[in-house]
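A.B. asks: Position 97 of the sequence shown, counting from 1, maps to 211 under the working numbering, and the rest follow consecutively. Here a beta-carbon is modelled for each residue, glycine too, at the ideal position from N, C-alpha and C. Shown below is the structure under consideration.
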Amino acid sequence: MKGIYNIRTLFEKYYSEYGNYIDAAAKFVTALILFMQINGRIGGKSIFGNIFVELILALVCAILPPNVMIVLAFVAALLQFASASIASLAVGGGVLLAVLLLYFAFASRQAWAMLLTILGLFFHVPCIVPISFGLMGSTMSAAGMAAGTVFYYTLLTIGKLGGASVDLAMAKQSTAEKILAELQTMIDTLLGEQEMILMLVVLLAVFAVVFLARRMAMKHAWKVAIAAGTVIYLVLMMAGYMMLHLEIGILWILIGTLISAAVAFLLEQLFFNLDYRKIENLQFEDNDYYYYVEAVPKRYRNDEDSQEMEAGRIDRKGREHHDGHETIHS
Numbered sequence: 115m116k117g118i119y120n121i122r123t124l125f126e127k128y129y130s131e132y133g134n135y136i137d138a139a140a141k142f143v144t145a146l147i148l149f150m151q152i153n154g155r156i157g158g159k160s161i162f163g164n165i166f167v168e169l170i171l172a173l174v175c176a177i178l179p180p181n182v183m184i185v186l187a188f189v190a191a192l193l194q195f196a197s198a199s200i201a202s203l204a205v206g207g208g209v210l211l212a213v214l215l216l217y218f219a220f221a222s223r224q225a226w227a228m229l230l231t232i233l234g235l236f237f238h239v240p241c242i243v244p245i246s247f248g249l250m251g252s253t254m255s256a257a258g259m260a261a262g263t264v265f266y267y268t269l270l271t272i273g274k275l276g277g278a279s280v281d282l283a284m285a286k287q288s289t290a291e292k293i294l295a296e297l298q299t300m301i302d303t304l305l306g307e308q309e310m311i312l313m314l315v316v317l318l319a320v321f322a323v324v325f326l327a328r329r330m331a332m333k334h335a336w337k338v339a340i341a342a343g344t345v346i347y348l349v350l351m352m353a354g355y356m357m358l359h360l361e362i363g364i365l366w367i368l369i370g371t372l373i374s375a376a377v378a379f380l381l382e383q384l385f386f387n388l389d390y391r392k393i394e395n396l397q398f399e400d401n402d403y404y405y406y407v408e409a410v411p412k413r414y415r416n417d418e419d420s421q422e423m424e425a426g427r428i429d430r431k432g433r434e435h436h437d438g439h440e441t442i443h444s
């Protein structure tokens, strides 16, 4: 445990000194992976498919707000759709534009929820996002995750169908009926994407369970929330795949769930590590109310910190007694 506390202390120290550089590096890596995945999944031949262009855009994203990354990802997807087929551009571009407009209208501060959902789905570990944001996010994080889920499955579905469609040059020579048939096929396939609906329901359900559980007034609330979210994810995914008769990637689901749980427990140790052995029950009053408070101290890295904490408790008890407040300590 001391190793985790030391890591937390080192992170806090270096982040306070080099926070801007760490944020820029995180945005650069996220943007580069995102652009590479978009280009790889759609398979078009636009300028965004060039690694040097991807690097330059990632550098731009590193110094700008994360919402710029979302806009550039949208532009990259449009260009890749256009290089694949007219139908891909019309259907995929229309859906992504609607997602983008809704996102900026209702959840523009949830860029990381949207971006990390897309990346989590790319790498088969989507459970990380609802658990992490359920622990540390707000209710609007759910909107960002929903936008990211629709964004990802639009890329996946149109990318697959676009590869089987005619390219742009052939589309110009084809009949209007053929283009309309391609459009209808893509629309029907996207609207009938059962896996997307399942993933939306599962991720939002996991987020809701974790978010509500970690706010409950009970011991080890974060651990309970993580365990509940993990179980809900496994049960809903397995049941959903069987009910919808979809191909089940059991190995990926299990691996993704284990990784998500490990990351969530690490977050708990770093950001919400309490010592339930030293709970204090406090009672005091003002002119209008009596207050009964249960105070749970944070864990400290070493014995020296614990001694400082104990000295603070003794000093606080002395002040409370001097002020005439009755205090009960367990």
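1) Does the Cβ of residue 251 have 16 or more other Cβ atoms within 10 Å, making it buried, or fewer, making it exposed?
2) Confirm, please, whether the CB-CB distance from residue 217 to residue 261 is below 7 Å.
3) Pick out the complete alpha helix (DSSP H) segments inside the segment 159–245, 4 residues or longer, and give them in chain order.
4) Enumerate in chain order the residues of its own chain whose CB-to-CB distance from residue 269 is below 7 Å, with the five nearest sequence positions on each side excluded.
5) Between the Cα of residue 304 and those of 274, 255 and 322, spot the shortest distance and give me the residue it belongs to.
6) If you measure between the beta carbons of residue 342 and residue 323, is that distance less than 7 Å?
7) On the criterion of 16 or more Cβ atoms from any shown chain inside 10 Å, does residue 380 qualify as buried, or is it exposed?
8) From what residue to what residue does the alpha helix (DSSP H) around residue 384 run?
9) Looking at the structure shown, is residue 133 part of a helix, part of a strand, or coil, going by DSSP?
10) Please tell me whether residue 327 and residue 345 are closer than 7 Å, where the distance is taken between their beta carbons.
11) Per the DSSP calculation, residue 394 is bridged to which residue(s)?
12) Out of 161, 314 and 141, state which residue places its alpha-carbon closest to the alpha-carbon of residue 244.
13) Determine which residues share a DSSP beta bridge with residue 399 and list them.
14) Give the single residue among 167, 378 and 371 whose Cα lies nearest to the Cα of residue 238.
15) Pairing CB atoms from the segment 220–235 with CB atoms from the segment 189–203, are three or more of them under 8 Å?
16) Which value, in whole angstroms, describes the spacing of the CA atoms of residue 131 and residue 179?
C.D. replies: So, from the data block:
1) Walking along the sequence shown from the start, residue 251 turns up at place 137. Residue 251 is buried by the Cβ-count criterion.
2) Taking the first residue of the sequence shown as 1, we reach residue 261 at position 147. Taking the first residue of the sequence shown as 1, we reach residue 217 at position 103. Yes; because the gap between Cβ atoms is below 7 Å, this pair is in contact.
3) 165–176, 180–198, 200–220 and 225–236
4) To locate residue 269, count along the sequence shown from 1; it is residue 155. If we look at residue 269 and ignore the five residues flanking it on each side, its Cβ neighbours are 152, 155, 156 and 191.
5) Indexing the sequence shown from 1 puts residue 304 at position 190. Of 274, 255 and 322, the residue nearest in Cα terms is 274.
6) Within the sequence shown, numbered from 1, the residue matching residue 342 stands at position 228. Within the sequence shown, numbered from 1, the residue matching residue 323 stands at position 209. A contact, by the Cβ cut-off of 7 Å.
7) Within the sequence shown, the letter at position 266 stands for residue 380. Answer is exposed; the Cβ neighbour count stays below 16.
8) Counting from 1 along the sequence shown, the entry for residue 384 is found at position 270. It spans 364–385 - the alpha helix (DSSP H) in which residue 384 sits, taken as one unbroken run.
9) The sequence position of residue 133 within the sequence shown is 19, counting from 1. Here residue 133 sits in helix by DSSP.
10) By one-based count along the sequence shown, residue 327 stands at place 213. By one-based count along the sequence shown, residue 345 stands at place 231. Not in contact: residue 327 and residue 345 (Cβ atoms no closer than 7 Å).
11) Residue mapping note: residue 394 aligns to position 280 of the sequence shown, counting from 1. Paired residue(s): 409.
12) Your numbering for residue 244 matches position 130 in the sequence shown. When only C-alpha atoms are compared, the closest one is 314.
13) What you label residue 399 is simply residue 285 of the sequence shown in a count that begins at 1. According to DSSP, which records beta bridges pairwise, residue 399 is partnered with 404.
14) If you number the sequence shown from 1, residue 238 lands on position 124. Checked all of 167, 378 and 371; the closest Cα to residue 238 is 371.
15) no
16) For the purposes of this step, residue 131 is taken as residue 17 along the sequence shown, with counting starting at 1. For the purposes of this step, residue 179 is taken as residue 65 along the sequence shown, with counting starting at 1. Residue 131 and residue 179: Cα-Cα distance of roughly 20 Å.
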